[in-house]
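Under full-length UniProt numbering, the letters of the sequence shown match residues 1 to 432, in that order. Remarks on the structure that follows.
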Amino acid sequence: MFKTAFRSIPRSLISKVNFGYVLSNVLESNLQIRKFSVHEFQAVKIFEDNGVGAPRGIVAGTPEEAFQAAKTLDKDGKGVVVKAQVYAGGRGKGTFDNGFKGGVKVASSAEEARDIASKMIGAKLITKQTGAAGKPCNKVFIAEKVKLTHEYYFAVLLDRASAGIVLVASREGGMDIEGVAKRDPNAIIKVPVSIEGGLTKETVEKLVSDLGFKAENKEKAVEIITRLYNLFVSTDATQVEINPLAETEDGRVLCMDAKLNFDDNAAFRHQDLKNLDDESQHDAREARAKQWDLNYVGLDGNIGCLVNGAGLAMATMDLIKLCGGEPANFLDLGGGANAKAIGEAFKIITQDPKVKAIFVNIFGGIVHCDVVAEGIVEAAKKLDMKVPIVARIKGTNVERGQQILRDSGIAIYPIDDLSQAAIKAVELSASQ
Ligand code: GDP
Ligand code: MN
1 MFKTAFRSIP RSLISKVNFG YVLSNVLESN LQIRKFSVHE FQAVKIFEDN
51 GVGAPRGIVA GTPEEAFQAA KTLDKDGKGV VVKAQVYAGG RGKGTFDNGF
101 KGGVKVASSA EEARDIASKM IGAKLITKQT GAAGKPCNKV FIAEKVKLTH
151 EYYFAVLLDR ASAGIVLVAS REGGMDIEGV AKRDPNAIIK VPVSIEGGLT
201 KETVEKLVSD LGFKAENKEK AVEIITRLYN LFVSTDATQV EINPLAETED
251 GRVLCMDAKL NFDDNAAFRH QDLKNLDDES QHDAREARAK QWDLNYVGLD
301 GNIGCLVNGA GLAMATMDLI KLCGGEPANF LDLGGGANAK AIGEAFKIIT
351 QDPKVKAIFV NIFGGIVHCD VVAEGIVEAA KKLDMKVPIV ARIKGTNVER
401 GQQILRDSGI AIYPIDDLSQ AAIKAVELSA SQ
């Protein structure tokens, strides 16, 4: 649904506003909505079923289970790796909300694995990808420790530019692929794959050569990459990201990490995968919004936005940003927004303690302005809202709508002009 919304944004708007900001924030967070994920330990099981090599591992929900898992896995005392299971990358460099550093840790004994697990389980892991709130770590994956000789980056993704699947790979894999991409874009190899032609052996062989795999590992690398591609296609994935895909000292090529995302729209074909979805990893506000058919994406700013239509929502967020403010969320009421949905939207927005002002920007086409106004007033009264509201409503029955707002006796600033309204919202958010 968002894909369509993005396509329908007029070019003129894209060039005028700070679109990059919206694109990176909303698209990134929005992936939460139209994709679903699985945990690494589940991905590793899927890999096993598809002949894709990964270190052996056992999932643990308690420190004691972690201890037992480490004992089972590590017969010869090489140690194990304790890995926090959260829906986010960048775990290695993450920090837990209890101060414990690192979501991927080597343990040299089962006792140490237990100790590390006790710090991870029940805490929230904050990484580059989680936002400030972090993601709860309820399980750890205890994995066989493997000696790596080289770490590559490999991903199968959907690519807008080539309108198809693309393989993305780099010889410089490991933890900070975003950094590599910034420093040296040439270090990232992109290979678009034709939908009609599929992935040919020659293409994979060339990629493996370009990446510089050791001669004796080339065939194994070709095989694992081909299997990962086939897995991507057969599961309707939107992302298969392995960072690192590694060559090991004992001559294997293994997926040392696994970030799998699947297309929500194809979930009906993959109920087994969809069933793995871990509710605890979703933003509670987003889950709630979904129940009311609202498109909500939580962001890190302090101005709550209540808008109808994804295009208007993005323009609103951009304007806030241009005026020096920060949106706290993206909330699209959709076309048929009624008073009840508006009430729920307000509840979701005001549950965020960071929100210091609310910017309502509604174009009343299908939904009439007076209905919107009634919804706003009713919700504001019922919720006893202290946060000031800037309301810019336009369209059908606008006069009646504005009258309702003016007569309401609550702290609502009805402002007609979009820029003025945005400036006011930013001003209010800064003064609270
Ligand atoms: P991420 O930080 O969420 O991407 O988590 P990863 O699963 O990629 O782990 C972080 C890093 O730990 C990897 O990039 C590897 O460099 C390292 N790592 C993970 N498992 C092993 C292992 O068994 N052996 C070695 N040597 N390094 C490992
Ligand atoms: Mn990784």
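Ideal Cβ positions, reconstructed from N, Cα and C, are used throughout, including at glycine.
By DSSP's criteria, K78 is part of a beta bridge. Which residues make up the other side?
Answer is none; K78 lacks a bridge partner.
Can you list the residues near the ligand MN, meaning Cβ strictly closer than 5 Å to any non-hydrogen atom, in the order they appear in the chain?
The set, ordered by position in the chain, is N243, D257.
Relative to the C-alpha of residue 449, which residue among I58, G343, Y296 is closest?
Absent from the structure is residue 449, since the part of the chain shown begins at 1 and ends at 432.
Closer than 6 Å: M120 CB and nearest the ligand GDP heavy atom
Answer for M120: no, Cβ out of range of the ligand GDP.
Beta-carbon proximity of V52 to F41, cut-off 7 Å:
No.
Give a yes or no on contact between the segment 57 to 76 and the segment 139 to 148, applying the rule of three or more CB pairs nearer than 8 Å.
The segment 57 to 76 and the segment 139 to 148 touch, with no fewer than 3 CB-CB distances between them shorter than 8 Å.
Note down the Cα distance separating residue 472 from E241, rounded to an integer number of angstroms.
What the structure shows of the chain is the stretch from 1 to 432, and residue 472 is not part of that stretch, so it cannot be assessed.
Compute the minimum distance between the beta carbon of G89 and the heavy atoms of the ligand GDP, and state whether it is under 6 Å.
Yes, Cβ of G89 sits closer than 6 Å to a heavy atom of the ligand GDP.
Mind reading off the beta-carbon distance from G364 to V372? Whole number of angstroms is fine, and I expect it under 8 Å.
So it is a contact: roughly 6 Å between Cβ atoms.
Should G103 and L125 be called a contact, given that it needs their Cβ atoms to be closer than 7 Å?
Yes, these two residues count as a Cβ contact at 7 Å.
So, for K354: in the same chain, excluding its five sequence neighbours on each side, which residues have a beta-carbon less than 7 Å away from its beta-carbon?
Once the five neighbours on either side are set aside, the close Cβ partners of K354 are N302, A328.
Nearest by alpha-carbon distance to A422: which of G179, V307, M175, S234 is it?
Answer by Cα proximity: V307.
Residue from I376, A430, S429, D416 with nearest C-alpha to S408
The option with the nearest alpha carbon to S408 is I376.
Below 6 Å CB to CB, which residues in the same chain sit around E249 once its five sequence neighbours on both sides are set aside?
Result list for E249: K147, T149, in chain order.
Along the chain, where does the alpha helix (DSSP H) that runs through S118 open and close?
Residue range 110 to 120 is occupied by the alpha helix (DSSP H) that includes S118.
If you follow the alpha helix (DSSP H) that E249 is part of, which residue opens it and which one closes it?
Run containing E249: none; DSSP gives neither H nor E here.
Just to confirm the assignment: which complete alpha helix (DSSP H) runs, minimum length 4, are found wholly within the segment 328 to 371?
Within the segment 328 to 371, the alpha helix (DSSP H) runs of at least 4 residues that lie entirely inside it are, in chain order, 339 to 350.
Applying the 10 Å Cβ sphere with the 16-neighbour rule, what's the burial state of Q402?
Its Cβ being crowded by 16 or more others within 10 Å, Q402 is buried.
Does the distance from the C-beta atom of A379 to that of P414 stay below 7 Å?
No, they are not a contact pair.
For a minimum of 3 consecutive residues, which ranges assigned as the beta strand (DSSP E) are wholly contained in the segment 84 to 167?
Runs of the beta strand (DSSP E) spanning 3 or more residues and lying entirely within the segment 84 to 167 occur at 104 to 107, 124 to 126, 140 to 144, 148 to 159, in chain order.
Could you please give the first and the last residue of the uninterrupted alpha helix (DSSP H) stretch that includes G311?
From DSSP, the alpha helix (DSSP H) with G311 extends over 310 to 322.
Cutoff 7 Å; reference H368; Cβ partners in own chain excluding five residues on either side:
Taken in chain order, the residues that qualify are T396, N397.
Same chain, Cβ closer than 8 Å to R56, five either side skipped, listed in chain order:
Closer than 8 Å at Cβ, skipping near neighbours: L73, A143, E144.
Assuming S209 and I189 are in contact, meaning their beta carbons sit under 8 Å apart, how far apart are those beta carbons, in whole angstroms?
S209 to I189, Cβ: 11 Å. No contact.
Quick one: give me the first and last residue of the alpha helix (DSSP H) that F47 is part of.
Here the alpha helix (DSSP H) through F47 covers 40 to 49.
Compare the Cα-Cα distances from E111 to each of K93, I46, V82 and report the closest residue.
A check of alpha carbon separations from E111 across K93, I46, V82 identifies V82 as the nearest.
N- and C-terminal bounds of the beta strand (DSSP E) containing D407:
Not the beta strand (DSSP E): D407 falls in the alpha helix (DSSP H), residues 398 to 407.
Taking all protein chains shown into account, do 16 or more other C-beta atoms lie within 10 angstroms of the C-beta of S194, making it buried, or fewer, making it exposed?
Exposed: under 16 other Cβ atoms inside 10 Å.
Comparing C-alpha positions only, which one of D184, D332, D277 sits nearest to G304?
It is D332 whose Cα lies nearest to the Cα of G304.
Using a Cβ-Cβ cutoff of less than 6 Å, which residues in the same chain neighbour P185 once the five nearest sequence positions on both sides are dropped?
Same-chain partners within the cutoff: there are none.
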